[in-house]
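Encoded as structure tokens, the structure appears first; notes follow it.
In our numbering, the protein residues as written are 13 to 253.
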């Protein structure tokens, strides 16, 4: 396949940025993969890609995770990702792509304008944040930014933040993978990508871990948000043309 080398490079960049920025690789990977595959196939491929990358994060950032947050955010996230993945079957893929583009633009602008935006560290906000991140992950393929915003309220150190997010995301990906498979989003002719994306996920996470301590967290996240905004705008313009 002619585009495979470019796809691998972009997927690797998405994983590195997602690891360092704490938003998750799907924020970039979903719109990128949309240039190469139909949207429903992207959902299936993203779930498989995330499984490998999250296992890598858990292994590399294993100094600890917050068990209470895994339960408070993770359980509602899993419940709602199943609902979102199921509903995606009944919504036209073109509409979901438009919603994804608008979501990326709105979220990046919100976080750039309100730089100090932070939720209160309450159980209610944990449940709401987990539910919304799960629903968007199931419907649109990405919910890491909402989960990241929710986790940020609890002032976790960088490595604990990444490990906690990865464990929650692992539950999300396992759950939606089952639904996506039953929906027919995972095609046999795409299975050759699985070992490739496993290697990309491990490599990108490893590189991201090495780079985490070398960047100012706020400066890097602002740069990531600019890229998210650009990705959303480009995706929307391509859909409208």
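No residue lacks a Cβ here, since even glycine has one placed at the ideal position from N, Cα and C. Being a predicted model, the structure only gives us computed values, none of them experimental.
CA-CA distance, residue i and residue j?
i	j	result
residue 22	residue 44	7 Å
residue 248	residue 80	38 Å
residue 120	residue 245	11 Å
residue 110	residue 242	15 Å
residue 89	residue 16	32 Å
residue 234	residue 191	34 Å
residue 181	residue 117	22 Å
residue 42	residue 162	21 Å
residue 175	residue 70	5 Å
residue 212	residue 24	6 Å
residue 20	residue 224	22 Å
residue 226	residue 216	16 Å
residue 164	residue 108	27 Å
residue 222	residue 66	16 Å
residue 87	residue 99	19 Å
residue 218	residue 37	13 Å
residue 48	residue 183	27 Å
residue 112	residue 103	13 Å
Report buried or exposed for residue i, applying the criterion of at least 16 other Cβ atoms within 10 angstroms of its Cβ.
i	result
residue 132	exposed
residue 252	exposed
residue 18	exposed
residue 188	buried
residue 205	buried
residue 250	exposed
residue 129	exposed
Among the candidates the options, whose CA atom is the shortest distance from the CA of residue i?
i	options	result
residue 64	238, 98, 219 and 208	208
residue 77	179, 237 and 117	179
residue 83	234, 177, 127 and 42	177
residue 51	164, 127, 166 and 151	151
residue 85	26, 226, 105 and 140	140
residue 106	46, 222 and 217	46
residue 193	94, 210 and 87	94
Leaving out five residues on either side along the sequence, give the residues of the same chain with a beta carbon under 8 Å from the beta carbon of residue i.
i	result
residue 289	Missing from the structure shown is residue 289; the chain here goes from 13 to 253 and no further.
residue 91	143 and 146
residue 148	96, 115, 154, 155 and 158
Who are the Cβ neighbours of residue i in its own chain at under 7 Å, not counting the five residues just before and after it?
i	result
residue 214	64 and 68
residue 53	197, 199 and 202
residue 210	64
residue 26	37, 40, 41 and 44
Could you name the residues of the same chain whose beta carbon sits closer than 6 Å to that of residue i, not counting the 5 residues immediately before and after it, in chain order?
i	result
residue 185	59, 62 and 63
residue 220	28, 31 and 32
residue 255	Within the shown structure, residues of the chain are numbered from 13 to 253, placing residue 255 beyond reach of any answer.
residue 101	195
residue 126	none
residue 166	133
With a threshold of 7 Å between beta carbons, is residue i in contact with chain D?
i	result
residue 190	The structure shown has no chain D; it contains just one protein chain.
Are the region 122-136 and the region 169-176 touching, with three or more C-beta to C-beta distances below 8 Å?
Short answer: they don't touch.
Touching or not, the region 46-60 and the region 188-203, by the rule of three or more beta carbon pairs under 8 Å?
Contact holds: three or more Cβ-Cβ distances are below 8 Å.
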